[in-house]
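A short write-up of the structure that comes next.
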Amino acid sequence: VKKHRAKDEALVNSITVDHYCIPTKTRLTDAMMGEVKCFGLIIARVKVSSGEEGVGYIVLPNNVGGGAIESLITRDLSAAVLGQPVERTERIWNEMDALMKSLGRSGLASRAMSVLDIAVWDAKAKICKKPLWQLLGGQHDSVNVVASGVDLMLPLKDLIRQTERFLSAGFLAIKIKVGRREMKEDVQRVRAVRAFLDNYSFEIGASRLPLMCNASSAWTTSQARKAMIALEKHSVDWVEIPIVTDDVDGYNSLSDLAVPIAAGETVTTEQQMMHLIREGKLNYAQLGVNDIGGITPFMKAAHYAEIHRVPVTSHGVHDLHVHLMAALSNSSYTEVCEYRIDEFITQPLKIANGKAQISTLPGHGIVFQFKSLEKYRDAGNPKSSVVLKRQQARISSKEATSITKRTPKESWDAKSSARDLMDY
Numbered sequence: 027v028k029k030h031r032a033k034d035e036a037l038v039n040s041i042t043v044d045h046y047c048i049p050t051k052t053r054l055t056d057a058m059m060g061e062v063k064c065f066g067l068i069i070a071r072v073k074v075s076s077g078e079e080g081v082g083y084i085v086l087p088n089n090v091g092g093g094a095i096e097s098l099i100t101r102d103l104s105a106a107v108l109g110q111p112v113e114r115t116e117r118i119w120n121e122m123d124a125l126m127k128s129l130g131r132s133g134l135a136s137r138a139m140s141v142l143d144i145a146v147w148d149a150k151a152k153i154c155k156k157p158l159w160q161l162l163g164g165q166h167d168s169v170n171v172v173a174s175g176v177d178l179m180l181p182l183k184d185l186i187r188q189t190e191r192f193l194s195a196g197f198l199a200i201k202i203k204v205g206r207r208e209m210k211e212d213v214q215r216v217r218a219v220r221a222f223l224d225n226y227s228f229e230i231g232a233s234r235l236p237l238m239c240n241a242s243s244a245w246t247t248s249q250a251r252k253a254m255i256a257l258e259k260h261s262v263d264w265v266e267i268p269i270v271t272d273d274v275d276g277y278n279s280l281s282d283l284a285v286p287i288a289a290g291e292t293v294t295t296e297q298q299m300m301h302l303i304r305e306g307k308l309n310y311a312q313l314g315v316n317d318i319g320g321i322t323p324f325m326k327a328a329h330y331a332e333i334h335r336v337p338v339t340s341h342g343v344h345d346l347h348v349h350l351m352a353a354l355s356n357s358s359y360t361e362v363c364e365y366r367i368d369e370f371i372t373q374p375l376k377i378a379n380g381k382a383q384i385s386t387l388p389g390h391g392i393v394f395q396f397k398s399l400e401k402y403r404d405a406g407n408p409k410s411s412v413v414l415k416r417q418q419a420r421i422s423s424k425e426a427t428s429i430t431k432r433t434p435k436e437s438w439d440a441k442s443s444a445r446d447l448m449d450y
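Numbering of the sequence shown is given in the numbering used here, commencing with residue 27 and proceeding in unit increments.
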């Protein structure tokens, strides 16, 4: 099928994929992943005919699924992107979605799609000469941020030191992990951090600082109810994914509690997110651009949440999420997590007075320093994988000529063909 386009549309000519595995600087622990010793970083660069290059990426705790995602991008999804007009982001995303239908959108497929979708949006914004947040709507020029520790097993004194470090770095909202084996330990840790935050806010003459908790799906519904009742007296602003995200009925049953609930970070389709918002009666919809399949479905789910008067918070890749959150009228806090890429990009996020200022460069403004990343290259990706437009041809021109020569010259007879089929 010939793809019709305007003559001046920029086409995707090549896709370059790099895969790295970067060790964490400190010991990171939570109830869902256990100990996190490294994170995978997969970067896709989409080169277009007008000269611009769009960049998309994903961060994977412990590099789980990294090789499969890299392979899906280079061997399968690239076919849906190469040769396409890059500004037609909706069409490109739908082409990828159609390609993945037999495999299923959830999980690895959605995460692989996100990398290319981000790259395509970055290229589109560069062609339009606009920062991504402005292209997507431009509601705000800064966003509220929350410092999110991966600190479940961090000793209490170190947890307090970490909180102090976050506050010194410009944060005014803190999120800690809960979900230890003994619930009383969670309560003790939350009580200590709340007391520290209250003392700090008193010293600076500020109102009470927000404290959020992330349970990483550690509890059953009955355990979650007990824990959230115990945490209520410590002015917790929300508890994140107290139970598994798939348990929509469980979320509905917890909606009568005083402590607000945020969930959705492991949701991988916008339809699942819509169901969780509507039937789970969430107080906050937590969206991850890498989890849900890219910017295209992220914005749809976020606007659905807006219609239902539900604020949105983000999960992961904060350098990119600030653009998406700035475009929304229902954005709450952008999570800034411990999987930092600051040393590998030219302009890390700047935090001051509890807010992040957003890049005004065309695109998302995230420029990777590939030389500094090289020593962390994943063993399964010894060099950059480059997929060119011409490599997507199913058969060579020589093979096509050969097939044409073997094709009968007689015109096709519908009646005789139907008769042959009936005889068969």
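For every residue, glycine included, the Cβ atom is placed at its ideal position computed from N, Cα and C.
None of the values given here were measured: they were computed from a predicted structure.
Kindly indicate the opening and closing residues of the beta strand (DSSP E) around residue i.
{"i": "H45", "result": "38–56"}
{"i": "F394", "result": "Taken as a continuous stretch (DSSP letters only), F394 belongs to no beta strand (DSSP E), as it is neither H nor E."}
{"i": "P87", "result": "79–87"}
{"i": "K63", "result": "60–74"}
{"i": "S451", "result": "It is not possible to answer for residue 451, since the shown part of the chain is limited to 27 through 450."}
{"i": "K376", "result": "376–378"}
{"i": "I367", "result": "Counting along the chain, I367 falls outside any beta strand (DSSP E), and DSSP gives it neither H nor E."}
{"i": "T339", "result": "338–340"}
{"i": "H170", "result": "Note on identity: in this sequence residue 170 is Asn, with His being the wrong assignment. 168–174 is the span of the beta strand (DSSP E), which, as asked, contains N170."}
{"i": "E400", "result": "E400 -> no beta strand (DSSP E), and no H or E assigned at all."}
{"i": "V265", "result": "264–266"}
Given a cut-off of 8 Å, decide if residue j and residue i are closer than it, judged by their beta-carbon atoms.
{"i": "V265", "j": "A241", "result": "yes"}
{"i": "V213", "j": "A149", "result": "no"}
{"i": "P157", "j": "G320", "result": "no"}
{"i": "Y359", "j": "A199", "result": "yes"}
{"i": "L37", "j": "V112", "result": "yes"}
{"i": "K415", "j": "G109", "result": "yes"}
{"i": "I303", "j": "V270", "result": "no"}
{"i": "L98", "j": "G92", "result": "no"}
{"i": "S398", "j": "F370", "result": "yes"}
{"i": "I153", "j": "S40", "result": "no"}
{"i": "M300", "j": "I318", "result": "no"}
{"i": "L142", "j": "A70", "result": "yes"}
{"i": "S132", "j": "T295", "result": "yes"}
Span of the alpha helix (DSSP H) holding residue i?
{"i": "Y310", "result": "It is not in any alpha helix (DSSP H) - Y310 instead sits in the beta strand (DSSP E) that spans 310–313."}
{"i": "F192", "result": "182–194"}
{"i": "T360", "result": "From DSSP, T360 is part of no alpha helix (DSSP H) but of the beta strand (DSSP E) over 359–362."}
{"i": "Q383", "result": "Run containing Q383: none in the alpha helix (DSSP H); it sits in the beta strand (DSSP E), 381–383."}
{"i": "I144", "result": "134–153"}
{"i": "S279", "result": "274–280"}
{"i": "M238", "result": "Looking at the DSSP string, M238 is not in any alpha helix (DSSP H); the run it does join, the beta strand (DSSP E), is 237–240."}
{"i": "A253", "result": "247–258"}
{"i": "A106", "result": "104–107"}
{"i": "S355", "result": "Here S355 belongs to no alpha helix (DSSP H), and DSSP marks it neither H nor E."}
{"i": "K326", "result": "321–333"}
Closest by CA to residue i, which one among the options?
{"i": "A253", "options": "D263, V204, S281, R234", "result": "V204"}
{"i": "W451", "options": "E78, I95, E305", "result": "Here the chain covers residues 27 to 450 and nothing more, so residue 451 does not appear."}
{"i": "V62", "options": "L37, G82, E258, V90", "result": "V90"}
{"i": "M126", "options": "L108, A145, S104, G109", "result": "S104"}
{"i": "V219", "options": "L237, R207, E208", "result": "L237"}
{"i": "T386", "options": "S76, S248, L346", "result": "L346"}
{"i": "L235", "options": "R215, E258, D263", "result": "D263"}
{"i": "H341", "options": "I48, I318, H334, G314", "result": "G314"}
{"i": "A138", "options": "S248, A57, I68, G175", "result": "I68"}
{"i": "R217", "options": "D177, E369, K259", "result": "K259"}
{"i": "D272", "options": "Q297, M325, V285", "result": "Q297"}
{"i": "E211", "options": "L129, L178, K401, D34", "result": "L178"}
{"i": "R191", "options": "S174, G60, S140", "result": "S174"}
{"i": "Y402", "options": "I367, I377, K381", "result": "I367"}
{"i": "D56", "options": "Q395, F394, K201, P286", "result": "K201"}
{"i": "I186", "options": "R215, A327, I48, I384", "result": "R215"}
{"i": "P388", "options": "K155, V274, S140", "result": "K155"}
{"i": "A284", "options": "A232, L308, A145", "result": "L308"}
{"i": "G276", "options": "P286, G306, S261", "result": "G306"}
{"i": "G380", "options": "S233, W159, I48", "result": "S233"}
Could you tell me if residue i is buried or exposed, where buried requires 16 or more neighbouring beta carbons within 10 angstroms of its beta carbon?
{"i": "I84", "result": "buried"}
{"i": "F65", "result": "buried"}
{"i": "P181", "result": "exposed"}
{"i": "K73", "result": "buried"}
{"i": "T372", "result": "exposed"}
{"i": "A333", "result": "What sits at residue 333 in the sequence shown is Ile, not Ala. The residue in question, I333, is exposed, as its Cβ has fewer than 16 Cβ neighbours within 10 Å."}
{"i": "D34", "result": "exposed"}
{"i": "K441", "result": "The predicted position of K441 is uncertain, since its pLDDT is 44 and thus under 50; a value taken from the coordinates is nonetheless stated next. When all chains shown are included, K441 counts as exposed."}
{"i": "F228", "result": "exposed"}
{"i": "Q188", "result": "buried"}
{"i": "T339", "result": "buried"}
{"i": "I287", "result": "buried"}
Problem - Three CB pairs or more closer than 8 Å across the stretch 43–50 and the stretch 116–129 - result: no
Practice task
State whether the stretch 161–173 contacts the stretch 351–369, with contact taken as three or more CB pairs (one from each stretch) at a distance under 8 Å.
Solution key: yes
Problem - At least 3 beta-carbon pairs within less than 8 Å: the stretch 284–293 vs the stretch 102–117 - result: Result no; under three Cβ-Cβ pairs closer than 8 Å.
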